[in-house]
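Residue numbers (the UniProt record's numbering): 1 to 517. Just so it is clear, CB atoms sit at the ideal spot from N, CA and C, and this is done for glycine as well. Treat the numbers as computed from the prediction; the structure is a model and nothing was measured. Reading through the structure tokens given below for one structure.
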């Protein structure tokens with residue numbers, strides 16, 4: 001089967017970052033764009049849910065969409081998110097992987113640009129730089145939630161103009177070639193946003209961002225880059241503000257007496273603890289920002305190496321599951337053909353001259369066929385249940401025979417629990433007809449094959465990040481064993497699977513892959 005995926009990077013592959021604050025609709029946008037459940041995609045940092053990687057075949061090339069958390073995401077520190085983005089961009093730049101640009105999503109329903117939004121805009125300015133600004137596109141979302149006839153729509157249009165003209169918002173980017181585009185709740189609208197972004201790099205060449213040049217060409221550390229300085233400035237401002245708040249709370253606590261309201265004292269204590277926690281986060285973020293690039297490369301490469309191995313195991317496991325489903329589907333279809341032949345033979349016998357013995361033989365054959373049908377409908381597939389008395393949905397009159405009280409406990413028929421019923425349709429398979437079971441197996445097979453394609457396509461990026469990242473770190477620190485490990489891993493990304501360019505379709509330029517897992 002042609003599954004439109006390869007396990008190594010091609011010159012036509014493109015990386016696109018999908019950015020924006022929490023709740024801007026990034027996951028929904030990716031689901032509409034790829035026609036996939038974003039939950040099926042590959043999480044690059046599963047333990048912290050930082051980056052998500054999704055592959056979409058767009059025309060004759062693969063587009064790797066990188067879902068990045070907003071810098072306001074409470075699940076992880078902004079420095080950690082910045083380091084993940086910086087590492088990914090650096091490795092793409094080192095290895096010559098084409099960068100299509102950045103799609104930055106923003107809710108048009110927000111009454112004004114919040115402090116988090118303004119800070120995120122400023123950080124994006126520093127990541128892109130003057131020459132890279134044109135490769136970023138502001139995609140405004142949530143337009144479908146506003147009625148065109150309402151006053152809210154007019155306000156939304158005003159906010160759109162403010163975003164475009166305000167220097168601290170998207171005005172700086174607009175003046176340097178970036179564009180703003182509306183996105184409706186349709187797949188066509190999402191495809192339009194992606195297509196218009198890729199058109200820029202197709203005409204003007206691959207996107208090269210300021211952060212990539214600073215880290216690789218100028219050999220700067222993270223905290224010396226323009227984006228790193230901007231982030232450090234925010235940490236310093238936050239630290240000073242929190243110090244003032246902590247001092248005020250300490251003063252208030254000193255003014256309170258033991259006879260004061262205990263509830264008020266408890267509130268002061270809770271506020272002080274919260275401010276102290278925020279201070280610790282700010283200090284940790286600033287300290288992490290000063291990590292050396294070589295150290296970061298080594299740390300990240302180990303993570304992606306583990307993810308590559310894990311994903312390869314998942315692909316192998318899916319291949320085994322798919323093969324088992326194919327065999328089961330073949331068995332069900334073969335059984336259906338057998339019973340069809342028995343029925344046709346019975347019809348031929350009944351329409352021709354026959355003796356009493358022949359009629360009895362025909363009746364017995366039909367009866368045996370029906371009994372075989374009933375037995376097959378009770379064949380256990382999952383191994384979870386062994387009961388054979390569940391009524392067939394086609395015969396509501398059938399009821400399970402009562403179980404005698406004297407029957408041994410080991411022979412008592414077990415009923416599926418509510419939790420097991422929620423795992424439909426495993427236990428219901430036993431009640432299905434052959435046609436229903438065949439249809440169910442076909443759907444399950446298609447779902448597994450789709451998931452396998454998604455997982456396999458991520459191997460190329462994971463192989464690059466896990467292998468070449470180690471080579472880059474080894475070269476910088478002159479650790480020959482590390483370099484060798486990187487080379488071996490990168491070779492695995494492209495050669496472990498049996499890949500062959502079997503056929504190239506001229507009209508689509510699609511690759512077909514054969515593998516032996």
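Since residue 197 and residue 57 should fall inside the 8 Å C-beta cutoff, what is the C-beta to C-beta distance between them, to a whole number of angstroms? Between residue 57 and residue 197 the Cβ distance is about 17 Å, and since that is not below 8 Å, they are no contact.
Thinking residue 89 and residue 104 are a contact (beta carbons under 8 Å), I'd like their distance in whole angstroms, please. With a Cβ gap of about 15 Å, residue 89 and residue 104 do not count as contacting.
Note down, in chain order, each residue of its chain lying with its Cβ closer than 8 Å to the Cβ of residue 438, except the 5 sequence neighbours on either side. 329, 332, 333, 336
Coil, strand or helix - residue 133 by DSSP: helix
Buried or exposed (CB count within 10 angstroms, at least 16 for buried), residue 189: buried
Rounded to the nearest angstrom, what separates residue 137 and residue 101 at their Cα positions? 8 Å
Straight-line Cα distance separating residue 274 from residue 28: 33 Å
At 3 residues or longer, what runs of the beta strand (DSSP E) sit wholly inside the segment 82-162? 98-107, 136-141
Considering just the uninterrupted stretch of the alpha helix (DSSP H) at residue 236, what are its terminal residues? 226-255
Find out if the Cβ-Cβ distance for the pair residue 285, residue 235 is shorter than 7 Å. yes
In this structure, does DSSP put residue 290 in helix, strand or coil? coil
Find out if the Cβ-Cβ distance for the pair residue 445, residue 289 is shorter than 7 Å. no
Where does residue 184 fall in DSSP's three states? coil
Using 8 Å for Cβ pairs, my map puts residue 183 next to residue 141. What's the rounded Cβ distance? 5 Å
Are any of the Cβ atoms in chain B nearer than 7 Å to that of residue 210? Of the chains in the structure shown, none is chain B; there is only one protein chain.
CB-CB under 6 Å to residue 162, same chain, minus the five flanking residues each way: which ones, in chain order? none
Just tell me which of 464, 13, 54, 127 has its CA closest to the CA of residue 81. 127
Using 7 Å as the threshold, is the C-beta distance between residue 311 and residue 443 below it? no
Classify residue 460: buried if its beta carbon has 16 or more other beta carbons within 10 angstroms, exposed otherwise. buried
Just the Cα atoms here: how many angstroms apart are residue 20 and residue 262? 43 Å
Assigned secondary structure, residue 171 (DSSP; H/G/I helix, E/B strand, else coil): helix
Would DSSP call residue 463 helix, strand or coil? helix
DSSP state of residue 179 mapped onto helix, strand, coil: strand
Does DSSP classify residue 456 as helix, strand or coil? helix
Thinking C-beta only, is residue 462 closer than 7 Å to residue 307? yes
Just to check my reading of the structure: residue 282 and residue 231 have Cβ atoms closer than 8 Å, yes? What is that Cβ distance to the nearest angstrom? So it is not a contact: roughly 11 Å between Cβ atoms.
Per DSSP, what kind of secondary structure is residue 53 in: helix, strand or coil? strand
From which residue to which residue does the alpha helix (DSSP H) around residue 561 run? Given that the chain is displayed from residue 1 to residue 517, the structure contains no residue 561 and the question cannot be resolved.
Report yes or no: do the segment 111-123 and the segment 65-78 share at least 3 C-beta pairs separated by less than 8 Å? yes
Would you identify the three-state DSSP class for residue 221, choosing helix, strand or coil? coil
Measuring straight from C-alpha to C-alpha, what distance separates residue 145 and residue 115? 24 Å
Between residue 12 and residue 61, is the Cβ-Cβ spacing less than 7 Å? yes
Near residue 252, what residues of its chain come up, given a Cβ to Cβ distance below 7 Å and the 5 sequence neighbours on each side ignored? 268
Give a yes or no on whether the C-beta atoms belonging to residue 165 and residue 171 are separated by under 7 Å. yes
Bridge partner(s) assigned by DSSP for residue 17: 66, 102
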